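Its first residue numbered 4, the sequence shown is counted upward by one per residue in my numbering.
Every residue gets a Cβ at the ideal spot worked out from N, C-alpha and C, and that includes glycine.
Keep in mind that this is a model prediction, so the values were computed, not measured.
Data first, discussion second: the structure below is written as structure tokens.
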Amino acid sequence: MLNNRVSKAVRLAIAFGAASSAVFAGQVVAAGEDGADKVERIEVTGSRIKRTDLETAVPITTIGKAEIGETGTLNIQDILSKSPVALTGSDQSTSAFTTTTVGLNTTELRGLGEARTLVLVNGRRFVSGTIPSAGYGVDLNAIPAKLIERIDILKSASSAIYGSDAVAGVVNIILRDDIEGVELSGQTGISSEGDREKHSVNITAGNTWDTGNAWISMGYDTDKGIKSLDRDFSSFDAFATNDGIIYLGSSYPPQGRITFNDAEGKAHSFNGDGTAFDGALNDRTNNRFNRAQFRQLITPIERKYVSGSLNLEVSDDVTMFTEFQWNNAATDGSTIEPTALKVNDAIWFNDKGGPGGMSIDSPLIPELLRTNLKNLGVTDLNQTTDFVRRMIEFGPRDTSLERDTVRAAVGFDWDIDGNWMLSTYATYGQTTQTQQNGGQVNVERAAFALDVEEFEGELRCKNELARMQGCVPLNLFSDGLGDTPISQAAVDYVRSPAKVYGKVEQSVFSAVLSGELPLELSGGNVGFAGGAEYRYESGVAQPGDLAQTGASSTNKAEATEGSFSTTDVFAEASFPVLDSLRIDLAARQSDHSVTGSSFTYNLGAEFRPTETLMLRASYATAVRTPNIANLYGGRGETFRQTGDPCDGLKLDQSDSKSATVRANCLKDAAVVARLEQTGEFTLTQVERQSTGGFQGGNPDVKEETAETFSLGAVWQVSDELSITLDYFDVEIEDAITTITRRTVIERCYDDPNMTVGCNGAYIRSVRGVLTDVNTGSSNEDRINTSGYDIDIDYRVDTDYGTFGAQLIATYTDEFVSTSQVTGQENITLGEVETPKIKANINLTYALDDLNVRWKLRHWDSVVDNLNTESAIPWGNEIGSVTYHDISAGYNLTNDTKLIFGINNAFDKQPAILAQGSQYGSTGINTNTRAYDVQGRAYFLNFETKF
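Have a look at this one:
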């Protein structure tokens, strides 16, 4: 049974580098006595017990080295995102409009989030590459594709084996260890539009001797990215209306805009020079500003890396290994549009009732504008609705960022008696992020530079101390695109460069004892593995100094700093009850320094009724403990309108407030005083818009828990054909999310036991006005998803070559998030990022020195919004799309190979999802988690050995 036809098919699949759903992982070791009866034992992903079978109770898909090389992949996130079971977490497009995560490449399984997908390298944890204030996720930039032997995707929860975070599954990246001699490789690529140049060079050297092996590798990659202007669909500021796509443009133009609403509510808008502002929509010749001209469709990235490994037999019974990785990923000049400054609020704080302003007689104001505003009764610009400007002289908001990842691992394996093995290892990983953000404004200095006077025929800042510090007048009425921009001296005085720093550290210590117990069942001895693991993680993130004090045009942001540790003990046993039946059990007890103890377990079964058929089932519980961002994420300022439950409260009770809300409002003395004074508590428009607040981490958040179930079959129909079918079901409880501030304040006032301030959730002024409502991480939702994974693999040898065809598909029949507080369901199955069907078809052909691959990737038809009442009627339904990637490789000699490929060969264009749609991405006008934005692209790969 050990050499059954299922195992044979798996070996054949690996030999041709195809993705397979029944594959093995890990190091191959010898067991038993030397001679003909020697049996291989292997360690599979999803178990610490070395076994003789290649299949387990838990479904696994593998992406082999050949497939990685033949698709022109420089970043493994590109190939993972094309797997039906995986989805992009963050990539060079989704992060283009962010700052701290720009250029980050992460992955997630089953669309359940990158924090619920555990990424391993050689079966061991890898340090997060995400700055701690933004979340948690391994940056796949740090793991060069050239060094990978294969990628195992474990499609089930596995916390009992690997610990926290393995909720959606595990991505186990196995590095090469078979390097002999010197390998040199290079790759170049370009899109059919003549942009997004990619270049890569790698040199790797290795050697194997009687007692070990070693290798070292270094390389350089560059990806030039794409500007939004370079693709028609992203070249303009688009907005989706009920009638179609229109040009929106920003009403924050480089020439400035001043708007005043008269007593009848009519808006009067002027450019900075006093001429009428033409803000007509869908007219690219108007005064609106096209933000797309500064935006990035795909962020450029440059990467340098060095990696190495040493495996050594220390003695007959002891072996050791060391491995290290250093990676530097940099983005230089990733840009978005210049700062949009609203002077009323950002500088004068009028939205919070601030007294700042500018007299209509200020010498900065052009005469035509002064006349027009005076005719409307304006005496100070703080009376205007909007005084806004695009700060184009300050340049685009650009981010120059570097992430340095260092990781080292060392371990020893001690063969105690030919049966029992003690395996120990320690790893240390660190990611540091340094970045320089440009284009921001120092609002404190801007206030001085706007307060000017005329002296000896020249304008100067009124404040003498500010003048001594270099203050010069800031003329926001000048035309940034005309002949009179803001002076360079004013830009230099007001500019606010920001340095951001972040660091993540991870240390892991593990020891595992494995072997066979002296307990023999009908199918053989019981396998056992048990051990302990200690993990420590810490993180710090420091925004720019002015951002921390609130003196920058960005929102105020606090620093992030925190740490946690976890100590785990675990055990696993495999019971060969019969030759045809195996039961696997695993359990883990964890003690987390913040959230306390948790217990998880796995139960799996494999049954082989015939030599060609395996039935399998697994049930597992899992946890995701909160990360640094969830627990200690520095609070960031926000000003989104929240609403006040007490607004409209009347002394005579003629309002429609509930008894609970009324009682809670009357607990606050400031609300009561105003109510008694005027007979009602009704806020002004400025007061309604004055509610700020913060959102960030929460040290009281607890772990998520999950239950997963899978049931499937592997059928080796013939030597050429295999079929795998698995059903999966995942339920996550207490999913961590950040609720809106409106929800926070409504929950406070709906609670009969509320105390004033609601434990720090809100603050009121002496006038009873809500000045702050705060929110943070909390355990809010229940997430359910289920469906089917199918893999059909056919390979046949003929006189004309070896032909292969493979279908890998996922059919999802449920994806819903339910609030544990209100019971409200959010069903997303069938929307853009959650199609019912995702599928790949891999066609391969090999003859002598020629290899050809044709990969078809299918994304099912979807809708942008299942809620038809709020959906855009003309563009809600989006048809299915199938991408074609074609490559051919030829061995020029035994040691030299060329590969040429075309990705998205038929140049399929993405669905248009503009602002106003549910799944459109800012500045991109589509969704890059679902659709390709690059278009057709070519690559040429060269590999040689000597």
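Length of the line joining the Cα atoms of residue i and residue j
i, j, result
"H1", "D794", "The structure shown does not extend to residue 1, since the chain is modelled only from 4 to 949, so the question has no answer here."
"N907", "L83", "16 Å"
"Y848", "R856", "7 Å"
"G699", "G779", "5 Å"
"L714", "Q809", "21 Å"
"R153", "E609", "25 Å"
"C474", "E707", "53 Å"
"D867", "N440", "34 Å"
"G132", "L895", "39 Å"
"T740", "R51", "33 Å"
"F567", "T774", "33 Å"
"R448", "P546", "19 Å"
"M361", "N478", "12 Å"
"G533", "Q433", "28 Å"
"V503", "Q438", "5 Å"
"T302", "G106", "6 Å"
Span of the alpha helix (DSSP H) around residue i
i, result
"M757", "Looking at the DSSP string, M757 is not in any alpha helix (DSSP H), and its letter there is neither H nor E."
"V346", "346-349"
"N854", "Note, N854: premise wrong, no alpha helix (DSSP H); beta strand (DSSP E) at 853-862."
"F451", "446-453"
"Y496", "491-497"
"Q551", "548-552"
"L468", "467-471"
"Q680", "672-681"
"S162", "162-165"
"G72", "68-72"
Close beta carbons around residue i, own chain, < 8 Å, minus the five adjacent residues each side
i, result
"S237", "S231, A295, R298, L300, G926, I927, N928, T929, V936"
"E73", "G20, N854, R856, S890, G892, I902, G904"
"I742", "T778, S781, E783"
"I363", "R373, L376, K377, V381, T382, D383, L384"
"D320", "W417, D418, I419"
"G38", "Low local confidence applies: a pLDDT of 42 at G38 is under 50, so the model's placement there is unreliable, with the coordinate-based value given in what follows. None."
Any C-beta of chain B under 9 Å from that of residue i
i, result
"F451", "Of the protein chains in this structure there is only one, and it is not chain B."
Whole-Å CB distance - residue i paired with residue j, under 8 Å assumed
i, j, result
"F942", "G75", "4 Å"
"E683", "K653", "5 Å"
"N144", "I304", "7 Å"
"V865", "I881", "5 Å"
"V543", "E564", "5 Å"
"L869", "G826", "That belief does not hold up - the Cβ atoms of L869 and G826 are roughly 18 Å apart, past 8 Å."
"A933", "V819", "That pair is no contact at about 19 Å."
"P62", "D792", "6 Å"
"T603", "S162", "4 Å"
Boundaries of the beta strand (DSSP E) in which residue i is found, first to last residue
i, result
"A623", "616-627"
"V409", "400-418"
"K377", "Where K377 is concerned, there is no enclosing beta strand (DSSP E), although the alpha helix (DSSP H) it sits in stretches over 370-378."
"V799", "778-801"
"T663", "No beta strand (DSSP E) holds T663; the alpha helix (DSSP H) holding it covers 662-668."
"I339", "321-339"
Same chain, Cβ closer than 6 Å to residue i, five either side skipped, listed in chain order
i, result
"H595", "T569, T628"
"L616", "W718"
"A168", "Looking at the sequence itself, residue 168 is Asp, so the reference to Ala does not match. Within the same chain, D168 has close Cβ partners L121, R627."
"L581", "S525, G526"
"L846", "A808, W857"
"S593", "T569, D571, S601"
"D240", "L251, G252, N293, R294, A295"
"E734", "E710, N787"
"I513", "Note that residue 513 is Ser in the sequence shown, not Ile. Hits under 6 Å: Y428, E536."
"Y752", "P648, V664, N667"
Cβ shell of residue i (< 7 Å), same chain only, five flanking positions each side left out
i, result
"Q30", "With a pLDDT of 36 at Q30, under the threshold of 50, the modelled position of this residue cannot be trusted; read the value that follows with caution. Correct list, in chain order: E46."
"Y496", "R448, A452, G473, C474, V475"
The ligand SAM heavy atom lying under 8 Å from the CB of residue i
i, result
"A469", "Ligands displayed in this structure: none; no statement on the ligand SAM is therefore possible."
On the three-pair Cβ rule with 8 Å, is the region 547-555 touching the region 517-527? The region 547-555 is not in contact with the region 517-527.
Pair every Cβ in the region 667-675 with every Cβ in the region 755-767, then say whether three or more of these pairs are closer than 8 Å. Because the criterion of three Cβ pairs below 8 Å is met, the region 667-675 and the region 755-767 touch.
Three CB pairs or more closer than 8 Å across the region 260-267 and the region 207-214: No: the two stretches stay apart, fewer than three of their Cβ pairs being nearer than 8 Å.
Quick test of the definition: if touching needs 3 or more C-beta pairs under 8 Å, does the region 147-158 touch the region 188-207? The region 147-158 vs the region 188-207: in contact.
Pairing CB atoms from the region 370-387 with CB atoms from the region 331-345, are three or more of them under 8 Å? Under the three-pair Cβ rule at 8 Å, the region 370-387 does not count as touching the region 331-345.
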